[in-house]
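Those protein sequences? They're chains A and B, same order as listed.
Under the numbering used here, the first residue of the first sequence is numbered 57, with each subsequent residue one higher.
Under the numbering used here, the first residue of the second sequence is numbered 175, with each subsequent residue one higher.
For glycine and all other residues, C-beta sits at the position ideal for the given N, C-alpha and C.
Bear in mind the structure is a predicted one, so any value in this text is a computation, not a measurement.
Shown next, in structure tokens, is the structure this report addresses.
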Amino acid sequence: MGGFWHTHRTSLFAVAAAIVVLMMTLIVVPERQQAVITRGGEPVAVINRFKPNVPFGETGAGIWYRVPGVDSVTYIDKRVMDVDMEPQTVLSTDQLRLNVDAYARYRIIDPVKMVQTARNQETVESQLSSILSSVVRQELGRRSFASLLTAERGTTMANIRNLLDAQARKYGAQVIDVRIKRADLPDGTPLDSAFRRMQSARQQEAATLRAQGQKNGQIIRAEAEAQAAKIYAEAYGKDPQFYDFYRAMQSYDTTFAPDSKTSSTIILSPDNEYLKQFRGKP
Amino acid sequence: MDIKDGIGRLVGLAMAGKSPWGDKGTGGDKPEGTPVPDKGTAPPDGAPSGAPEDKPKAKGPRNPWLPPADEPRRSASIEDIFKNRGPEGPRRIGGGGPSFRLPERPGGKSWFPVAIAAIVAVGLSVSMVHQIGTTEQGIVTTFGKYTKTLDPGFRITLPWPIQQVDVEEVSEFRSEQIPEGSAQKLMLTGDQNLVDLSYNVRWSIKDLKQFRFQLADPEGTLRDVAEAAMRASVAQKRLNDVLSGSGRADIEQSVMQRMQAILDSYRSGIKVQGVQIRKTDPPKEVEEAFKDVSAAQQDADAEVNRAEAYAQQILARAQGDAASFDKIYAQYKLAPEVTKRRLYYETMERVLRQNDKTVIEAPGVQSYLPLPELKRGAPTTAAPAGGQ
């Protein structure tokens, strides 16, 4: 072994040196990153640059080289990234306030431009974030509150996306999508008044339901009474005079019943029909 | 070097029996004799280590003293014990080899290269053979470049620095609950009402390489997209539709489609398997009013029930009255005058029997009503019948 060391010492050193040089020369660009190689500040090459519709494996990712000590490599994310905006209060045209939280998705399509204008991704992201807030405020402020909530959102979002994209291109970025994540009523008066409105709407509904119930009840009662009247009329209509008599008898029975609240004193004239026989007259 | 020394020692031990000091040595003497054979064997071997050469030097001065000393045995044997181990000591330091001694291979060579080779082989097999589970897939990258996707089973790739494998659960459904926890989450509906809504999204990976390489934060993106889609769908519905069952099914469907469309436009490699709305409640601030609505519905139903009961009563009564009238009337028709009289007298009988009566006989006589008397008998009313 020692002999081996003695005889091959030089070649071993050569191999080690070669490995070190290789490691300094070769760079690995992973699939999810793109690399800008700058030589003395001047961009000389972009590795694994984003191109639409190129399948993975053919994008240029993998092993590449640089001149050690001269070239410097900047790695830039190639994936779709997120710009999150601070929630904004937007004033709609009808003077209603809405808390809006939006997000944008972007990717770096021109890494050289990005390196030149923004240096690193944090800068791009913070720039885009502030642009996004102002564009969102501006665009949504032109809409009425109701249209913010409903279908018109689609065109609004496209406008915002286009505006943001135009700005992002200056940083070598492409905005893929902008969406409103949340649109809420701000806490305090707007939220409370919304609750009050909901409450009164429900109270109205409850009152309507109760009134409908009353109405239906009345109708049912009236119909029943009409039906009863019809039955009575059919029966009694056969002989109104007998009905008069018959009903009078029933009425006397009820009126002078012993369980009525007050007892009655009846003063009879001798001419009374009932006393006809009492007087002995024929 | 180790091997040679080892052999030297073996030879030394073997020759101990023929030691010139054999007469003295019985049991413990054997090692004492070793230095001499060592001395003899070492030069031919040409061992570079200085240890065997040292031994005779150390022994040299002592040996001549042996004859005069009567009891050198004890001290000699102790030293020998050390000496016996001694050779290893210097070697450890000087040789710088492993602290343990590997057993030798047949043929006198060390296991060391074999062990190194075995370790390398194990390392290689670990980084070359990959077991991909039934629900998994693996992404192979060669120096960072996407090469292929591994399907379930044992798969072989190039070893570590060249190819790397990233195994990920693919076909298993994952679930994302929004919002996390049980806090109230209010959403605006199309009629500008608020609803407290929570839901969960089930998803799986449909294209692992897109999932891995396309988005910086796939899970975060999924949550954001779900939020945006859910709010957009809810904003197109009225509150009552959101609260009702069929409206919820519509929302689930449209959220799923929206999410899939957005995620596909990002080429996220995510497949949305389903969206379930777990609850849609009115905000707790207005819950009482919502409960009052259902109470009102109950009240209305109760009112209708009462009216129906009344209707049944009144109809039954009418039918009963009519029927009884019909019966009487049928009899009356047979003998009108008699029946009428009979009914009259019977009724008068009943009425007059149970009430106070006064008959004023003489006509033209001014009569005074005995009011105190009347009051006593009937505190409130006096009903004149037939007139005075």
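- [ ] From the DSSP output, read off the bridge partner residues of B/F328.
- [x] Start at 1 with the first residue of the second sequence, and residue 328 of chain B comes out as number 154. DSSP lists B/Q305 as partners of B/F328.
Open item on the list: So the candidates are A/E290, A/P124, A/L331 and A/Y330; which of them puts its Cα closest to the Cα of B/Y503?
Closed with: Here residue 503 of chain B refers to the residue found at position 329 when the second sequence is read from its first residue. Taking only the C-alpha atoms, the option nearest B/Y503 is A/E290.
- [ ] Output yes or no for whether 7 Å exceeds the beta carbon distance between A/A160 and A/V191.
- [x] On the first sequence, residue 160 of chain A is found 104 positions in, with the first residue counted as 1. On the first sequence, residue 191 of chain A is found 135 positions in, with the first residue counted as 1. Cβ atoms of A/A160 and A/V191: not closer than 7 Å.
Task: Interface flag, A/N155 vs chain B, CB-CB below 7 Å - done: Taking the first residue of the first sequence as 1, we reach residue 155 of chain A at position 99. By this cut-off, A/N155 is not an interface position.
Open item on the list: Taking the straight line between their C-alpha atoms, what separation do you get for A/R198 and A/L204?
Closed with: For the purposes of this step, residue 198 of chain A is taken as the residue at position 142 of the first sequence. For the purposes of this step, residue 204 of chain A is taken as the residue at position 148 of the first sequence. Their backbone Cα atoms lie some 10 Å apart in a straight line.
TODO: Could you work out which residue in A/L152, A/Q90 and A/D157 is closest to A/M141 when comparing CA atoms only?
DONE: The residue you call residue 141 of chain A lines up with position 85 of the first sequence. Closest option to A/M141, Cα to Cα, is A/D157.
Task: Rounded straight-line distance, which links the Cα of B/V533 to that of A/G336 - done: Counting from one through the first sequence, the residue named residue 336 of chain A turns up at place 280. Counting from one through the second sequence, the residue named residue 533 of chain B turns up at place 359. Going by the C-alpha atoms only, they are around 15 Å apart.
- [ ] Indicate whether at least one CB of chain A lies closer than 7 Å to the CB of B/A291.
- [x] In the second sequence, counting from the first residue as 1, residue 291 of chain B sits at position 117. So no, B/A291 is outside the interface.
Task: Endpoints, beta strand (DSSP E) assigned at A/G118 - done: Position 62 of the first sequence, counted from the first residue, corresponds to residue 118 of chain A. Run containing A/G118: G118 to Y121, per the beta strand (DSSP E) assignment.
TODO: State buried or exposed for A/D240, treating a residue as buried only when at least 16 other CB atoms are found within 10 Å of its CB.
DONE: As a first step, residue 240 of chain A must be located in the first sequence, where it is residue number 184. With 16 or more Cβ atoms within 10 Å of its Cβ, A/D240 is classed as buried.
TODO: May I ask you to report which of helix, strand or coil DSSP gives A/V231?
DONE: Stepping through the first sequence from its first residue, residue 231 of chain A is reached at position 175. Three-state result, A/V231: strand.
TODO: Report yes or no: do the region 352 to 372 of chain B and the region 403 to 422 of chain B share at least 3 C-beta pairs separated by less than 8 Å?
DONE: yes
TODO: Since I believe A/F251 is in contact with B/T416 (beta carbons under 8 Å), could you give me their beta-carbon distance rounded to a whole number of angstroms?
DONE: Position 242 of the second sequence, counted from the start, is the residue given in the question as residue 416 of chain B. Position 195 of the first sequence, counted from the start, is the residue given in the question as residue 251 of chain A. At residue 416 of chain B the sequence reads Val, which differs from the Thr that was named. The Cβ separation is near 16 Å, so there is no contact.
Open item on the list: Here's a check: name, in chain order, each residue in its chain whose Cβ is nearer than 7 Å to the Cβ of A/F334, leaving out the five neighbours to either side.
Closed with: To locate residue 334 of chain A, count along the first sequence from 1; it is residue 278. None.
TODO: Note down, in chain order, every chain A residue with its Cβ under 7 Å from the Cβ of B/P457.
DONE: Start at 1 with the first residue of the second sequence, and residue 457 of chain B comes out as number 283. Simply F251.
- [ ] Would you tell me roughly how many angstroms separate the C-alpha atoms of A/T302 and A/Q260, rounded to the nearest one?
- [x] By one-based count along the first sequence, residue 302 of chain A stands at place 246. By one-based count along the first sequence, residue 260 of chain A stands at place 204. With the sequence shown as reference, residue 302 of chain A is identified as Tyr, and Thr is not the correct amino acid for it. Going by the C-alpha atoms only, they are around 52 Å apart.
- [ ] Starting from the beta carbon of B/R374, find every residue of chain A whose beta carbon is closer than 9 Å, and list them in chain order.
- [x] Reading the second sequence from its first residue, position 200 is the one you call residue 374 of chain B. This sequence places Asn at residue 374 of chain B; Arg is not what is there. Correct list: empty, because the minimum Cβ distance to chain A is about 17 Å.
Task: B/S439: contacting residues in chain A (beta-carbon distance under 8 Å) - done: Translated into positions along the second sequence, residue 439 of chain B becomes position 265. The answer, in chain order, is I232 and D233.
Open item on the list: Measuring alpha carbon to alpha carbon, tell me which residue in B/Q487, B/E511 and B/S468 is nearest A/R258.
Closed with: Reading the first sequence from its first residue, position 202 is the one you call residue 258 of chain A. If we check each option's Cα against that of A/R258, B/S468 comes out closest.
- [ ] Have a look at B/K322 and A/N218 and give me their C-alpha separation to the nearest angstrom.
- [x] Taking the second sequence and counting its residues from 1, the one referred to as residue 322 of chain B is at position 148. Taking the first sequence and counting its residues from 1, the one referred to as residue 218 of chain A is at position 162. Near 36 Å, if we compare the C-alpha coordinates of A/N218 and B/K322.
Task: Cβ of A/G336 within 7 Å of any chain B Cβ - done: Sequence index remark: in the first sequence, residue 336 of chain A carries index 280 (1-based). Not one chain B Cβ lies under 7 Å of A/G336.
- [ ] Report all residues from its chain with a CB closer than 6 Å to the CB of B/D197; omit the five preceding and five following residues, and keep chain order.
- [x] Counting from 1 along the second sequence, the entry for residue 197 of chain B is found at position 23. Unreliable placement is indicated for B/D197, whose pLDDT of 47 sits below 50; the coordinate value is still reported in the next sentence. Result list for B/D197: empty, nothing under 6 Å.
Open item on the list: Is the beta carbon of A/A174 closer than 7 Å to that of A/V129?
Closed with: Taking the first sequence and counting its residues from 1, one reaches residue 129 of chain A at position 73. Taking the first sequence and counting its residues from 1, one reaches residue 174 of chain A at position 118. Not closer than 7 Å, so no.
Task: Under 7 Å (Cβ pairs) to chain B, residues found in the region 80 to 96 of chain A - done: V84, V85, P86, E87 and R88
Task: Straight-line gap, B/A402 to A/N104 (C-alpha atoms, nearest Å) - done: Looking up residue 402 of chain B in the second sequence gives position 228. Looking up residue 104 of chain A in the first sequence gives position 48. In a straight line, the C-alpha of B/A402 is about 32 Å away from that of A/N104.
TODO: Sort B/I306, B/K531 and B/S284 by Cα distance to A/I322 and report the nearest one.
DONE: Within the first sequence, the letter at position 266 stands for residue 322 of chain A. Checking every option, the nearest Cα to that of A/I322 belongs to B/K531.
Task: Burial state of B/V303 (16 or more Cβ within 10 Å) - done: Counting from one through the second sequence, the residue named residue 303 of chain B turns up at place 129. Counting Cβ neighbours within 10 Å, B/V303 comes out exposed, since fewer than 16 surround it.
Open item on the list: Would you say B/T532 lies against chain A (beta-carbon separation less than 7 Å)?
Closed with: To locate residue 532 of chain B, count along the second sequence from 1; it is residue 358. It does; some Cβ of chain A falls within 7 Å.
- [ ] Could you tell me the distance, in whole angstroms, from the CA atom of B/D176 to the CA atom of A/H62?
- [x] On the second sequence, residue 176 of chain B is found 2 positions in, with the first residue counted as 1. On the first sequence, residue 62 of chain A is found 6 positions in, with the first residue counted as 1. With a pLDDT of 45 at B/D176, under the threshold of 50, the modelled position of this residue cannot be trusted; read the value that follows with caution. Approximately 19 Å between the Cα atoms of the pair.
Task: Bridge partner(s) assigned by DSSP for B/W570 - done: As shown, chain B starts at 175 and ends at 562. That puts residue 570 of chain B outside it, with no answer to give.
- [ ] Identify the contact partners of B/I436 in chain A, using a Cβ-Cβ distance below 9 Å as the criterion.
- [x] Start at 1 with the first residue of the second sequence, and residue 436 of chain B comes out as number 262. D233 and R235, listed in chain order.
Open item on the list: Quick check: what's the CA-CA separation for A/G96 versus B/V429?
Closed with: Mapped onto the first sequence, residue 96 of chain A falls at position 40. Mapped onto the second sequence, residue 429 of chain B falls at position 255. Between A/G96 and B/V429, the C-alpha separation is close to 51 Å.
TODO: Measure the beta-carbon distance from A/P242 to A/R163 and round it to whole angstroms, keeping in mind my assumption that it falls under 8 Å.
DONE: Locating residue 242 of chain A in the first sequence gives position 186, counting from the first residue. Locating residue 163 of chain A in the first sequence gives position 107, counting from the first residue. No, A/P242 and A/R163 are not in contact; Cβ-Cβ is about 33 Å, not under 8 Å.
Open item on the list: Give me the chain B residues within the contact set of A/E281, using Cβ-Cβ distance strictly less than 7 Å, ordered along the chain.
Closed with: Position 225 of the first sequence holds residue 281 of chain A. In chain order: I488.
TODO: Locate the beta strand (DSSP E) running through B/G312, then write down its first and last residues.
DONE: The residue you call residue 312 of chain B lines up with position 138 of the second sequence. Taken as a continuous stretch (DSSP letters only), the beta strand (DSSP E) holding B/G312 covers E310 to T316.
- [ ] Just the C-alpha distance for A/F112 and B/Y440, rounded to the nearest angstrom, thanks.
- [x] Mapped onto the first sequence, residue 112 of chain A falls at position 56. Mapped onto the second sequence, residue 440 of chain B falls at position 266. Distance between the alpha carbons of A/F112 and B/Y440 is about 15 Å.
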